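Numbering (my numbering), first residue to last: 60 to 329. For glycine and all other residues, C-beta sits at the position ideal for the given N, C-alpha and C. All values derive from a computational prediction rather than experimental measurement. A short write-up of the structure that comes next.
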């Protein structure tokens, strides 16, 4: 007696539901993973304490000297405090990208059905969360030492948006470097030096006239000074288009340079 013929269409279900890949769900999961890691490892506490260190370290040593010159140093110095705080986010993004590349996590994601830009955008989004926390803390500390917004809500919102945009632009470039170097320690040291040079050689701490004449053109025209000018005016009487325009040019130029670089570094296969 022969066995009954098997219905092959019954063995292999022809009507299996198709899997729909949601890049947004992937991005949300990876971003949530990074944010949860920041919370569980205390990185957000560091994001809150870092602007306190900058505020105390920058404000106290020079406030009396600037007061003799008729400068409200709390208003003067807070933009560079905010910018240095954003630089801290830049370094954190660089270290995260380098760590994921070194441990093989980036390579593993590339073998899975995950959108090419999902890992990069999730790191940038998590960095933005860190930036918002740090910026909020910096403004609270600034209020304690006497910093205030006097030009209305529009300029206040512009101040916060511009600061976060600068931080995000820097974080994108640093993320690309991290993906290439795969060395968090070496990258942190490499980024610290230019951050200090551009920060100290800017008009964020002292007026341009306090620098030697031969270096004043560089101090006056470099991006950190222009960012500080725009933020200072937003917090004061309101920024003019002439001042804001230069800062926006530097911001857009940085984005045009860093975004393609970060995308290439993130999606390339070793």
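### Query
Is the segment 265-277 close to the segment 185-196, with three or more CB pairs under 8 angstroms?
no
#### Entry: Terminal residues of the alpha helix (DSSP H) in which residue 112 lies
102-127
### Task
Kindly confirm or deny that the segment 163-173 and the segment 280-292 touch, where touching means at least three C-beta pairs closer than 8 angstroms.
no
### Query
If you scan the segment 300-328 from start to end, which runs of the alpha helix (DSSP H) of 4 or more residues do you find wholly inside it?
300-326
### Query
Are at least three pairs of beta-carbons, each pair with one atom in the segment 208-223 and one in the segment 153-161, less than 8 angstroms apart?
no
### Message
For a test of the three-state rule: what should DSSP assign to residue 219, helix, strand or coil?
### Response
helix
### Message
Taking the alpha carbon of residue 94 as the reference point, which residue from 295, 292 and 183 has its own alpha carbon closest?
### Response
183
### Message
Quick check on the burial criterion: 16 or more other C-beta atoms within 10 angstroms. Buried or exposed for residue 96?
### Response
exposed
### Query
Are the beta-carbon atoms belonging to residue 314 and residue 193 less than 8 angstroms from one another?
no
### Task
Pull up the distance between the alpha-carbon of residue 305 and that of residue 262, whole angstroms please.
15 angstroms
### Task
Return yes when the Cβ of residue 201 is within less than 8 angstroms of the Cβ of residue 259, no when it is not.
no
#### Entry: For residue 292, the first and last residue of its enclosing alpha helix (DSSP H)
282-294
### Query
residue 34: which of 232, 240 and 197 sits nearest, CA to CA?
Residue 34 falls outside the range modelled here, since the chain spans only 60 to 329, and no answer is possible.
### Query
Got a sec, what are the start and stop residues for the alpha helix (DSSP H) residue 181 sits in?
177-204
### the segment 235-252 in contact with the segment 316-324 per 3-pair CB rule at 8 angstroms
yes
### Query
By Cβ distance below 8 angstroms, which residues in the same chain neighbour residue 227 in space, the five residues on each side in sequence not counted?
183, 186, 187 and 190
### Message
Let's see if you can read the secondary structure: which residues bound the alpha helix (DSSP H) around residue 261?
### Response
Premise fails: residue 261 is in no alpha helix (DSSP H) and is neither H nor E.
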